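Numbered as in the working numbering, the sequence shown ends at 315 without a single skipped number. Glycine included, each C-beta is placed from N, C-alpha and C at the ideal position. Owing to the predicted nature of the structure, the values given are computational and were not obtained by experimental measurement. Inspection log for the structure reproduced underneath, given as C-alpha cells.
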Amino acid sequence: MSDYDAHVAEVINQVPEADPEKVAEAFARYEKDFLIPPEDAMRSVLRRFQSDTGTPAQTNQQSGGNQRQSLPIKKVEKLSDLSGDDRNVEIEVEVVTHNPRTTMVRGEEKIVPYGLIEDQPWSEGGERTRWEYKDWGNNPNLAPGAVVRLEGVSVNEYQGKMSININQASRVVVLREGVRTVTTPGEPVEISSIKSEGNVTVVGRLLASRNDVIHRRDGSGSIDVVRGRIADDTGAIGFLSWESFDHEVGSLLKIENAQVNVFRDTPEINIGSSSRIEILSRFKFRIG
C-alpha cells in the first residue's frame, strides 16, 4: 500500500486502462517536487491519464459527483478514530504550535507551515491525542491556542506515523480565537522565546564552539559537526552545525532559517545547508 491508494483508486475508477503504479508515481511527483498534495493534484493527474489512454473526460457534474460519492465526509471527534487512508475529514482541534517554513519550489518561495494539533478541544481534564499537521494552503486562521474546525482535510501515514494534511481546498473555521505569536519567516526572535520545534532566525553572541563527531548508527561512517552556544540579552541556547562553522567566540552572528529540535524539553538550534550565517557589527538586541 502507498499513501496514494485512495487517489489512485479514484483515477482507475475513471480511467480503467491506466497503470496504478504510474498513477501513484504521478501523485508522488506532484507532492515531492511541487509541494502539491494529492487532493489538489487529482484533476491534473486525471487529465493526464485520460489523455494518455484516450479515455473521454467526464463532465464536471459526473466527475464531481463520483468524487463526492467516493470521498464522503468523515466527521470524527478523536484523531484516534482516523486511519491512514481517510480523506475529506472533518474534526475540531486546538492548534498547539504553528511554524511557518519557507521552501523553494521551482525557484519560487512557498510558505508551508507545520505544527501540532490536539483533538477534543472542549474537554476538560480528558485525555487528548496530539498529531502533527502540515498546512499546504498557508491558512491565515491557524494560530497557537485557536480552536478550529478542519473541513476537507486528509490523513497522511508515513512509516506508521499519522499526521494531518490541511490542503489548499480545505476549510478552516475558527471556533475560538488564538494568540498569534508566530513571527514572519526571517524575522529574528528572542532566544528565550524558543520553546518548540520549527524554523527560526536568531541574532546573538557566540559564547562557545567545539568540533565534534557523530557516528552513524548503521556503522557506515561518521559526520563532522560543530557544537556550541549562542546568546542574546534574553537567554542562551545550544546549537549543532552540520555545515562548516569557523566563527570566533565573541562574534555577533545572525543565523537565518535554523531548525529547532527539542529533546527532553530542551530546545537546540540545528544549522544545516539551508541555513545562512551573517556576521554583524552591531545589533539592537531587544526585539519587539
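- When the Cα atoms are used, Pro-171 and Ile-193 turn out to be separated by approximately 16 angstroms.
- Linking Ile-282 to Met-69 through their CA atoms gives a straight-line distance of about 39 angstroms.
- Here Ser-268 has Val-252, Val-253 and Ile-298 as same chain residues with Cβ atoms under 7 angstroms from its own Cβ, once five neighbours each way along the sequence are excluded.
- Look at Leu-280 here: in three-state DSSP terms it is strand.
- Looking at the DSSP output, Phe-272 sits in no beta bridge, so it has no partner there.
- In the structure shown, the three-state DSSP call for Asn-40 is helix.
- Gln-286 sits in a strand when the DSSP states are folded into three classes.
- Taking the Cα of Leu-234 as reference, the smallest distance to any Cα among Asp-260, Lys-161 and Gly-255 is reached at Gly-255.
- By alpha-carbon distance to Ile-63, the top candidate from Ile-144, Trp-163, Arg-157 and Gly-111 is Trp-163.
- The residue among Glu-214, Val-122 and Glu-66 with its C-alpha nearest the C-alpha of Arg-128 is Glu-214.
- Straight-line measurement puts the Cα of Tyr-160 at about 6 angstroms from the Cα of Gly-142.
- Per the coordinates, the alpha-carbon of Asp-113 lies some 14 angstroms from the alpha-carbon of Lys-188.
- The residues Leu-109, Ser-110, Gly-111, Asp-112, Asp-113, Arg-114, Val-116, Met-189, Ser-190, Ile-191 and Asn-192, in chain order, have a CB closer than 8 angstroms to that of Val-182 in the same chain once the five nearest residues on each side in sequence are set aside.
- The alpha carbon of Leu-202 has as its nearest neighbour, out of Glu-224, Gln-195, Lys-222 and Ala-173, the alpha carbon of Ala-173.
- Beyond the five residues adjoining it in sequence on each side, Arg-303 comes within less than 7 angstroms, by CB distance, of Glu-283 and Asn-284 in the same chain, given in chain order.
- In this structure Glu-295 is in contact with Gly-265, their Cβ atoms being roughly 5 angstroms apart against a cut-off of 8 angstroms.
- The continuous beta strand (DSSP E) containing Ile-250 extends over residues 249-259.
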